[in-house]
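Order-wise, the sequence lines are chains X and B.
So for the first sequence, this note's numbering puts the first residue at 716; every next one is plus one.
So for the second sequence, this note's numbering puts the first residue at 716; every next one is plus one.
There are 2 protein chains.
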Amino acid sequence: MIGETENGKMKRMADETLVEGDLGWMLGASFRGYAKAAGQVLSGIPGGPRGYQLLTEATSDTPANQGTLAQRLGIDRTVLTYLIDDLEKAGLVERHPDPADRRQRRIVATAKGRALREDRHTALRAMEAHLLAVLGDDAGTFQALLCILARHLNSADHHLDLCTIAEDLERSSPTPR
Amino acid sequence: MIGETENGKMKRMADETLVEGDLGWMLGASFRGYAKAAGQVLSGIPGGPRGYQLLTEATSDTPANQGTLAQRLGIDRTVLTYLIDDLEKAGLVERHPDPADRRQRRIVATAKGRALREDRHTALRAMEAHLLAVLGDDAGTFQALLCILARHLNSADHHLDLCTIAEDLERSSPTPR
DNA sequence: TACAGATATGTTGTATAGCAGATGATCGGC
DNA sequence: GCCGATCATCTGCTATACAACATATCTGTA
Numbered sequence: 716m717i718g719e720t721e722n723g724k725m726k727r728m729a730d731e732t733l734v735e736g737d738l739g740w741m742l743g744a745s746f747r748g749y750a751k752a753a754g755q756v757l758s759g760i761p762g763g764p765r766g767y768q769l770l771t772e773a774t775s776d777t778p779a780n781q782g783t784l785a786q787r788l789g790i791d792r793t794v795l796t797y798l799i800d801d802l803e804k805a806g807l808v809e810r811h812p813d814p815a816d817r818r819q820r821r822i823v824a825t826a827k828g829r830a831l832r833e834d835r836h837t838a839l840r841a842m843e844a845h846l847l848a849v850l851g852d853d854a855g856t857f858q859a860l861l862c863i864l865a866r867h868l869n870s871a872d873h874h875l876d877l878c879t880i881a882e883d884l885e886r887s888s889p890t891p892r
Numbered sequence: 716m717i718g719e720t721e722n723g724k725m726k727r728m729a730d731e732t733l734v735e736g737d738l739g740w741m742l743g744a745s746f747r748g749y750a751k752a753a754g755q756v757l758s759g760i761p762g763g764p765r766g767y768q769l770l771t772e773a774t775s776d777t778p779a780n781q782g783t784l785a786q787r788l789g790i791d792r793t794v795l796t797y798l799i800d801d802l803e804k805a806g807l808v809e810r811h812p813d814p815a816d817r818r819q820r821r822i823v824a825t826a827k828g829r830a831l832r833e834d835r836h837t838a839l840r841a842m843e844a845h846l847l848a849v850l851g852d853d854a855g856t857f858q859a860l861l862c863i864l865a866r867h868l869n870s871a872d873h874h875l876d877l878c879t880i881a882e883d884l885e886r887s888s889p890t891p892r
């Protein structure tokens, strides 16, 4: 996978200093690659992968309100409004006013939405297996670790932590400029 | 399923059917969490994490042209133009016309750019260790697997693959594994 | 050499997404 | 019943991806 071709074109060697060793690059590249593949599988759902994820949450037996969904899916609440509009127009989800608090809308999947979600869920799992095949037997290990990391980073009570880390780092090595 | 606290705030338990078991959600949540933390550490660099990654590539002893950088970093080439403009204005990188092909511009870090990159590199590694601490001893394993996946998904010759997979899935939706 | 096609970069226009702020409806405490 | 807080929505602003076109340069061919 590495080395030098005969016409002088250089190919990259494993190099700690370059961007491919950067955790941010790894996460970004993996996310982009996945999103591209998922976009094809989920092209029939308004909003693509995000619409699918929203639809997935809407199939829960304890449907969430929009604020919770925005935080959980990492979508801005103003964008979520339009995303729900699109899914509602397509007949996949409905806004159910919470009888206990009429400010809140519980987002619930319709029968049509549940059927579509189930169908695409199967296709998506097949595609994921394709992508993860490169990891061989370690694919399961990878998913388990990624799940731990994702839940940790997505937890709301992590934000305070970030500020603390940033301040610590600034003290030890302040940004030049 | 779900546990309920006194004021209606919900806490989620493990649930296979919900979005937290979705690979796309895991990748997205991890990427967003990382980007948020990295944005604080790299706030002194124009373009934030993306500027840092570009700067990293510009410190290579075999500087790449813009087209290659766009593909490697997953940035659109029209946006890359402005990103390089900003870094150039800050005196961190320079556009060096390739003497062998004057259409191409090799993006090279200045001494100032290299110093800043080195400093932020250290801070970034500290932050990454903080984020990955939740994985314990498996952090190294996770990074190794993620690196394999990222390189695989970012390789250009993967795109044909995606179309093939998509077509296969449309024909039949078998359950994998 | 002259020219046509291909490639690298830059520029413009459009659509989407995140973010901050304001608005209206509703809830809870006083 | 009044006041502040909360949820959803709406309105600008900015950043980014994407497509289409322009310009400069290179490559291959007659």
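Just so it is clear, CB atoms sit at the ideal spot from N, CA and C, and this is done for glycine as well.
Going by the DSSP bridge assignment, what does X:ARG810 pair with across the sheet? As a working note, residue 810 of chain X is residue 95 in the first sequence. DSSP lists X:ILE822 as partners of X:ARG810.
Assumed close pair B:GLN781, X:ASP737 - CB separation to whole angstroms, cut-off 8 Å: Taking the second sequence and counting its residues from 1, the one referred to as residue 781 of chain B is at position 66. Taking the first sequence and counting its residues from 1, the one referred to as residue 737 of chain X is at position 22. No, B:GLN781 and X:ASP737 are not in contact; Cβ-Cβ is about 19 Å, not under 8 Å.
So which residues on chain B does X:ASP737 lean against when the C-beta distance must stay under 7 Å? Reading the first sequence from its first residue, position 22 is the one you call residue 737 of chain X. GLN768, THR771, listed in chain order.
Under a Cβ-count criterion, where at least 16 other Cβ atoms within 10 Å of its own Cβ denotes burial, should X:TYR749 be classed as buried or exposed? Mapped onto the first sequence, residue 749 of chain X falls at position 34. Result: buried.
How many whole angstroms separate the CB atoms of X:GLU809 and X:VAL823, which I take to be in contact at a CB cut-off of 8 Å? For the purposes of this step, residue 809 of chain X is taken as the residue at position 94 of the first sequence. For the purposes of this step, residue 823 of chain X is taken as the residue at position 108 of the first sequence. So it is a contact: roughly 5 Å between Cβ atoms.
Could you please tell me which residues of the stretch 856-868 of chain X, in chain order, have their CB closer than 8 Å to any CB of chain B? THR856, PHE857, GLN858, LEU860, LEU861, CYS862, ILE863, LEU864, ALA865, ARG866, HIS867, LEU868
Taking all protein chains shown into account, do 16 or more other C-beta atoms lie within 10 angstroms of the C-beta of B:THR909, making it buried, or fewer, making it exposed? Since the displayed chain B opens at 716 and closes at 892, residue 909 of chain B lies outside it and no answer follows.
Might you give, ordered along the chain, the residues of its own chain that have their beta carbon closer than 6 Å to the beta carbon of B:THR890, omitting 5 neighbours on each side? Mapped onto the second sequence, residue 890 of chain B falls at position 175. In this prediction, B:THR890 has a pLDDT of 37, which is less than 50 and means its spatial position is unreliable; what the coordinates show is noted afterwards. Once the five neighbours on either side are set aside, B:THR890 has no close Cβ partner at all.
With a threshold of 7 Å between beta carbons, is B:VAL794 in contact with chain X? Counted from its first residue, the second sequence places residue 794 of chain B at position 79. Not one chain X Cβ lies under 7 Å of B:VAL794.
Per DSSP, what kind of secondary structure is X:ASP791 in: helix, strand or coil? Residue numbering aside, residue 791 of chain X sits at position 76 when the first sequence is read from its first letter. Coil, per DSSP.
Local Cβ density within 10 Å of B:ARG765, reported as buried at 16 or more and exposed below that: By 1-based counting over the second sequence, the position of residue 765 of chain B is 50. B:ARG765 should be labelled buried.
Could you tell me whether any Cβ in chain X is nearer than 7 Å to the Cβ of B:VAL849? Here the question's residue 849 of chain B lines up with position 134 in the second sequence. Output row for B:VAL849: interface = yes.
With a threshold of 7 Å between beta-carbons, can X:ARG892 be considered close to chain B, or not? By 1-based counting over the first sequence, the position of residue 892 of chain X is 177. Confidence at X:ARG892 is low in this model, with a pLDDT of 39, below 50, so the placement of that residue should be treated as unreliable; the coordinate-derived value is given next. Chain B, which has a Cβ nearer than 7 Å to the Cβ of X:ARG892, makes this yes.
Using a C-beta cutoff of 7 Å, does X:GLY748 count as contacting chain B? Stepping through the first sequence from its first residue, residue 748 of chain X is reached at position 33. At least one chain B Cβ lies under 7 Å of X:GLY748.
Go ahead and label B:ARG840 buried or exposed: buried means 16 or more other beta carbons lie within 10 angstroms of its beta carbon, across all protein chains shown. The count along the second sequence starts at 1 and reaches residue 840 of chain B at position 125. Exposed, since its Cβ has fewer than 16 Cβ neighbours within 10 Å.
Among the residues of its own chain, which have a CB less than 6 Å from the CB of X:LEU733, if the five just before and after it don't count? Position 18 of the first sequence, counted from the start, is the residue given in the question as residue 733 of chain X. So the list is empty, once near-sequence residues are dropped.
Residues, ordered as in the chain, of the stretch 789-818 of chain B that lie near chain X by beta-carbon distance below 8 Å: GLY789
Short check: CB of X:LEU898 to CB of X:ALA854, under 7 Å? Because chain X in this structure spans residues 716 to 892, residue 898 of chain X falls outside the shown range and cannot be described.
Among residues of its own chain, excluding the 5 on either side of B:GLY723, which ones have a beta-carbon nearer than 7 Å to its beta-carbon? Position 8 of the second sequence, counted from the first residue, corresponds to residue 723 of chain B. Below a pLDDT of 50, predicted positions are generally treated as unreliable, and B:GLY723, at 33, falls in that range; no measurement from the model is reported.
Chain-ordered neighbours of X:GLY743 on chain B, where CB pairs are closer than 7 Å: Walking along the first sequence from the start, residue 743 of chain X turns up at place 28. Those are PHE746, GLY789, listed as they occur along chain B.
B:SER758 - containing alpha helix (DSSP H), residue span: Locating residue 758 of chain B in the second sequence gives position 43, counting from the first residue. Counting along the chain, B:SER758 falls outside any alpha helix (DSSP H), and DSSP gives it neither H nor E.
Cutting at 6 Å between CB atoms, please list the residues of its own chain near B:ARG892, excluding the five before and the five after it. On the second sequence, position 177 is the one that residue 892 of chain B refers to. Because B:ARG892 sits at a pLDDT of 31, beneath the cut-off of 50, its placement in the model cannot be relied upon, and the following sentence gives the value as read from the coordinates. Hits under 6 Å: none found.
For a contact meaning CB atoms closer than 8 Å, what does B:ALA753 contact in chain X? Walking along the second sequence from the start, residue 753 of chain B turns up at place 38. In chain order: GLY739.
Selection from B:ASP816, B:HIS845, B:ARG817, B:GLY806 that minimises the alpha carbon distance to B:ARG829: What you label residue 829 of chain B is simply residue 114 of the second sequence in a count that begins at 1. If we check each option's Cα against that of B:ARG829, B:GLY806 comes out closest.
Give a yes or no on whether the minimum CB-CB distance between B:SER870 and chain X is below 7 Å. Along the second sequence, read from residue 1 onward, the residue named residue 870 of chain B stands at position 155. Closer than 7 Å: no.
Should B:GLU735 go down as buried or exposed, given a rule of 16 or more other Cβ atoms within 10 Å for buried? The count along the second sequence starts at 1 and reaches residue 735 of chain B at position 20. B:GLU735 comes out buried.
Per DSSP, what kind of secondary structure is X:ASP816 in: helix, strand or coil? Mapped onto the first sequence, residue 816 of chain X falls at position 101. DSSP places X:ASP816 in strand when its eight states are reduced to three.
Taking the alpha-carbon of X:GLN786 as reference, which of B:ALA744, B:THR837, B:GLU803 has the nearest alpha-carbon? Stepping through the first sequence from its first residue, residue 786 of chain X is reached at position 71. Per the Cα distances, B:ALA744.
Looking only at DSSP bridge pairs, what is B:ASN780 linked to? Taking the first residue of the second sequence as position 1, residue 780 of chain B is located at position 65. B:ARG821.
For X:THR774, three-class secondary structure by DSSP: One-based indexing of the first sequence puts residue 774 of chain X at position 59. Three-state DSSP puts X:THR774 in coil, outside helix and strand.
Going by DSSP in three states, X:LEU733 sits in which element: helix, strand or coil? The residue labelled residue 733 of chain X in the question sits at position 18 within the first sequence. If DSSP states are grouped into helix, strand and coil, X:LEU733 belongs with coil.
Could you list which residues in chain B have their beta carbon closer than 8 Å to that of X:LEU831, in chain order? Position 116 of the first sequence, counting from 1, holds the residue named residue 831 of chain X. Chain B residues near X:LEU831: none, gap ~12 Å exceeds 8 Å.
Within the 7 Å Cβ cut-off, does X:GLU721 reach chain B? Within the first sequence, the letter at position 6 stands for residue 721 of chain X. Residue placement at X:GLU721 is flagged as unreliable, the pLDDT there being 33, under the threshold of 50; the coordinate-derived value follows with that caveat. Not an interface residue.
Spell out whether any CB of chain B is found under 7 Å from the CB atom of X:VAL823. As a position in the first sequence, residue 823 of chain X is number 108, starting the count at 1. False, the Cβ-Cβ gap to chain B never drops below 7 Å.
Give the DSSP-derived three-state secondary structure of B:GLY723 in the structure shown. The residue given as residue 723 of chain B occupies position 8 in the second sequence. Annotation note: pLDDT 33 at B:GLY723 (below 50); position unreliable, coordinate value reported separately. Here B:GLY723 sits in coil by DSSP.
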